[in-house]
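A.B. asks: Numbered by this note's numbering, the letters in the sequence shown go through residues 17 to 153 in order. Note that CB positions come from ideal geometry on N, CA and C, so glycine has one too. All values derive from a computational prediction rather than experimental measurement.
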Amino acid sequence: MEKDTKNTEIKREDMIGEDMIPVATTTEEATISLLPKKEETDELVITYRKPFSFEGEVHKELDLHGLEDLRGRDLTAIEKAFNKTGVSSVMPETTTTYAKIVATKVTGLPAEYFEDLPVSEIEKIKNAVVGFFYKDE
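(1) Whole-angstrom Cβ separation of Leu86 and Val122, contact assumed at under 8 Å?
(2) Going by the DSSP bridge assignment, what does Thr63 pair with across the sheet?
(3) Is the closest heavy atom of the ligand NAP to the C-beta of Val118 under 7 Å?
(4) Considering Thr120, what are the terminal residues of the alpha helix (DSSP H) in which it resides?
(5) Determine the DSSP secondary structure at Glu69, reduced to helix, strand or coil.
(6) Taking one C-beta from the stretch 130-145 and one from the stretch 110-118 each time, how about it: are there three or more such pairs within less than 8 Å?
Structure (structure tokens):
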């Protein structure tokens with residue numbers, strides 16, 4: 017006896033009944049849904065790799081939300097302070113020196129705080145400042 021080997025189309029509803037189970041339509045969607053969700057990170061809060069001690073206080077992070085409150089007059093003052101440093105750059109807002117001046121302005125911490133931070137932390141601060149200034153471009 018020969019088996020009927022007709023190509024019959026099986027509908028999804030026939031396979032799972034009335035209950036609709038969400039199914040990813042592409043391999044990419046399936047892969048993304050299996051990955052753990054990343055926590056939303058706040059780009060304006062710099063978390064230090066190791067606690068940083070300054071003047072008897074231990075700091076674990078730096079909040080740069082003060083960037084959101086800067087005004088034109090503040091940028092003028094920051095540019096004047098930058099020019100006094102003698103550092104020359106075509107794009108001063110991308111320099112570490114500029115970022116330290118901005119961070120001093122928006123956090124109220126003294127310049128010495130930023131001078132004593134490890135390089136990796138200063139780079140995070142610089143990237144956050146530059147990212148803030150260029151985020152809408």
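C.D. replies: So, from the data block:
(1) Indeed, because the Cβ distance is near 7 Å, the residues count as touching under 8 Å.
(2) Thr63 is bridged to Glu77.
(3) You won't find the ligand NAP in this model; it holds no ligand whatsoever.
(4) That run of the alpha helix (DSSP H) goes 112-123.
(5) Strictly speaking, residue 69 in this sequence is Ser, with Glu absent from that position. Looking at Ser69 - three-state DSSP - the assignment turns out to be strand.
(6) Enough Cβ pairs lie closer than 8 Å, so yes.
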